[in-house]
Amino acid sequence: MRQAHTEVLVVGAGPVGLWTALLLAEKGIEVSLIDRESRTAARSYACALHPATLKLLDTLGLAESAIERGRRVDTVAFYDGPARQGEIHLSKLGGSFPFLLILPQSGLEGLLEQRLRAAGVQVHWNHRFEDLTQQEEDVSAVIEELEGTNTGYIVPHWETVVKNRSPLGVEFLIGTDGHNSMVRSRAGLEYQRVGETESFAAFEFESKDKIANELRVVLDETTTNVLWPLADDRFRWTFQLLRAEISGDFPEKERRAVRIDQPTIDERIRQYVQKVAHQRAPWFTSEIKRVHWCSEVSFERRLVTQFGRKRCWLAGDAAHQTGPVGVQSMNMGFREAAMLASILHKVLREAAPISLLDTYNCDLQKEWQMLLARPRGLQPRSETNPWVAKRCDRILPCLPACGTDLGQLAAQLQLAPP
Ligand SMILES: Cc1cc2nc3c(=O)[nH]c(=O)nc-3n(C[C@H](O)[C@H](O)[C@H](O)COP(=O)(O)OP(=O)(O)OC[C@H]3O[C@@H](n4cnc5c(N)ncnc54)[C@H](O)[C@@H]3O)c2cc1C
691 MRQAHTEVLV VGAGPVGLWT ALLLAEKGIE VSLIDRESRT AARSYACALH
741 PATLKLLDTL GLAESAIERG RRVDTVAFYD GPARQGEIHL SKLGGSFPFL
791 LILPQSGLEG LLEQRLRAAG VQVHWNHRFE DLTQQEEDVS AVIEELEGTN
841 TGYIVPHWET VVKNRSPLGV EFLIGTDGHN SMVRSRAGLE YQRVGETESF
891 AAFEFESKDK IANELRVVLD ETTTNVLWPL ADDRFRWTFQ LLRAEISGDF
941 PEKERRAVRI DQPTIDERIR QYVQKVAHQR APWFTSEIKR VHWCSEVSFE
991 RRLVTQFGRK RCWLAGDAAH QTGPVGVQSM NMGFREAAML ASILHKVLRE
1041 AAPISLLDTY NCDLQKEWQM LLARPRGLQP RSETNPWVAK RCDRILPCLP
1091 ACGTDLGQLA AQLQLAPP
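In this note's numbering, the protein residues as written are 691 to 1108.
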């Protein structure tokens, strides 16, 4: 039997995978996108798009739809307890989209999937990448089709079983399969830990009072905390957890759109958020009406030593992770996808050499070394506010930008790239 074949296989239909597949499809490249889950994410997760990402979305006419669904934020303010220590304004960046767009990841993924469908590409949900073999001219991937079965008798219990296992021949394989990437591991790409793991608890809530339309980052001696204004009059507190409070590993994304109400637990969570917010940010006097969703999540500082080799490449969280405040990992993933799609178009349609992909690795290594402050991050000047100077390494992952925009935002705090 002949093995099925497509030009590019994208593994993982998170925001970066959906965007990668869309860019390739728009360039007329035959693309197949698989995900082991049954649908897109149901929660806000990485909830902010940088101006540069909006510019990228605009190349496919998607920026306006994203803006309609999100909330524009101009200011990022830095606090230490009650004191406001600094602020940056995205409006000073100029350009077509001089603001941060707060858009829940669920909304972003929905928008991208819809557009992908319009481009004639269906996500193959319930399909899991298992293994790969790289040859000189192509890659053979092993994909498992999954299905759920109800195994319980009195108490229903859902289990996932493999319905089908089949090979797929591809010219290129792109792993956008997130932090625990199987593609990265099967391709033998080393994922180096380059810093401390930090754990956070995120609480999305409605408030009885009006809350300022700015991102507020609270950096005290030991913790980083963020108050995000979300769309639809919701907000999110993200609190860094102290070592004793941490319970688990990086959680999988939740796919259920509906939440089951548990009044007693909900009230306990509401009181907890109100208390911690008041302790860490005494200026937060708003009354929390209802907590809609909460989750605990750990963020490592990690980077692959190589973004890929031969015909198998990575983008997004599969290749890196940093702190959550500046949403740099997902936003860089959008740029990586655009770089990869452009190179693959040149290789597949214009007979460019495959070695062009080495520039992808070199450029990103440089950029990520800077984002991860290796060996040095942002540097204070003589006139820098001492509070900012002392925390410059902690401020770097909190800036909602990468590349030249990052330099411009840092300059507003009198910090300079190394
Ligand atoms: C609770 C929570 C809160 C978060 N909060 C923030 C935040 O405040 N700021 C921030 O910057 N980031 C946050 N994140 C992280 C953010 O969601 C990621 O940075 C972002 O999703 C990365 O996008 P991605 O497309 O690279 O990978 P992902 O969104 O992780 O997508 C990977 C996809 O690959 C699929 N997949 C994995 N393995 C396989 C396989 N073997 N075969 C097929 N498919 C596979 C998965 O099902 C998934 O859909 C949060 C994450 C969680 C879970």
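Even glycine gets a Cβ: it sits at the ideal position worked out from N, Cα and C.
Please read these numbers as outputs of a predicted model, since none were measured by experiment.
Pairwise C-alpha distance: VAL763 and LEU747
18 angstroms
Presumed contact (8 angstroms Cβ cut-off) between LEU739 and GLN1098, rounded CB distance:
Their Cβ separation, rounded to whole angstroms, is 17 angstroms, which puts LEU739 and GLN1098 out of contact at 8 angstroms.
Please report the straight-line C-alpha distance between GLN1069 and ILE792, rounded to a whole angstrom.
28 angstroms
Nearest-angstrom Cα distance between ARG1025 and TRP1058?
12 angstroms
Is the stretch 822-834 touching the stretch 785-801 in the sense that three or more CB pairs, one from each, lie closer than 8 angstroms?
no
Ordered list of alpha helix (DSSP H) runs contained in the stretch 837-922, each at least 4 residues
872-876
In angstroms, rounded to a whole number, what distance separates the CA positions of GLY859 and VAL701?
14 angstroms
Between the C-alpha atoms of ARG726 and LEU708, what's the straight-line distance to the nearest angstrom?
Distance between the alpha carbons of ARG726 and LEU708: 14 angstroms.
In chain order, what residues of the same chain have a beta carbon less than 6 angstroms from the beta carbon of ASN816, not counting five sequence neighbours either side?
Sequence-distant partners of ASN816 (beyond 5 residues in either direction) whose C-beta falls short of 6 angstroms from its own C-beta, in its chain, are SER728 and LEU836.
CB-CB under 6 angstroms to MET1029, same chain, minus the five flanking residues each way: which ones, in chain order?
Excluding residues within five positions, the ones whose Cβ falls inside 6 angstroms are TYR1050.
Note down, in chain order, each residue of its chain lying with its Cβ closer than 6 angstroms to the Cβ of VAL766, except the 5 sequence neighbours on either side.
ILE778 and LEU905
Measuring only the C-alpha atoms, how far is VAL1017 from THR743?
Distance between the alpha carbons of VAL1017 and THR743: 11 angstroms.
Would a C-beta distance cut-off of 8 angstroms place LEU920 and GLU894 closer than the cut-off?
yes
Less than 8 angstroms between the C-beta atoms of VAL698 and LEU993, yes or no?
no
Distance between GLY771 and ALA971 (C-alpha atoms, nearest Å)
5 angstroms
Of the choices VAL811, ARG1066, ALA1079 and GLY1006, whose alpha-carbon is the least far from that of LEU723?
VAL811
Among the candidates HIS695, ARG1084, THR696 and ALA703, whose CA atom is the shortest distance from the CA of ASP1007?
ALA703
Using alpha carbons as the reference points, say which of ALA694, GLU720, PRO741 and ARG733 lies closest to PRO1090.
Answer by Cα proximity: PRO741.
Determine the closest residue to ALA736 out of SER985, ALA1100 and ILE1085, with distance taken between C-alpha atoms.
SER985
Are the CB atoms of PRO1062 and THR1012 nearer to each other than 8 angstroms?
In the sequence as presented, Pro is not what sits at residue 1062; that position holds Leu. Their beta carbons are under 8 angstroms apart, which means LEU1062 touches THR1012 by this criterion.
Based on Cα-Cα distance, which residue from THR730, GLN930 and VAL907 lies nearest to SER988?
GLN930
Heavy atom of ligand 1 less than 7 angstroms from the Cβ of CYS1115, yes or no?
What the structure shows of the chain is the stretch from 691 to 1108, and residue 1115 is not part of that stretch, so it cannot be assessed.
So if DSSP puts TRP983 in a beta bridge, which residue, or which two residues, is it bridged to?
GLU894
Please classify GLU1040: does DSSP put it in a helix, a strand, or coil?
coil
Given 7 angstroms as the limit, tell me if ARG1031 has its C-beta closer than that to any heavy atom belonging to ligand 1.
It should be noted that the sequence gives Ala, not Arg, for residue 1031. False, no ligand heavy atom lies under 7 angstroms from that Cβ.
What do you get for TYR927, buried or exposed, if any count of 16 or more other CB atoms within 10 angstroms of its CB means buried?
Inspection of the sequence shows that residue 927 is occupied by Trp rather than by Tyr. That one is buried.
Is it true that the CB of THR866 sits closer than 8 angstroms to the CB of THR710?
yes
Does the beta-carbon of THR823 have 16 or more other beta-carbons within 10 angstroms, so that it is buried, or is it exposed?
With fewer than 16 Cβ atoms within 10 Å of its Cβ, THR823 is classed as exposed.
Taking its Cβ as the centre, do 16 or more other Cβ atoms sit within 10 Å of TRP1003, making it buried, or is it exposed?
buried
Cα-Cα separation between ILE719 and LYS1056, rounded to whole angstroms:
29 angstroms
Give a single yes or no on whether MET1022 has its beta carbon closer than 7 angstroms to a heavy atom of ligand 1.
no
List the whole-angstrom C-beta distance separating LEU1086 from GLY1067, where the pair is believed to meet the contact cut-off of C-beta under 8 angstroms.
5 angstroms
Residue range of the beta strand (DSSP E) that includes HIS968:
Premise fails: HIS968 lies in the alpha helix (DSSP H), 953-970, not in any beta strand (DSSP E).
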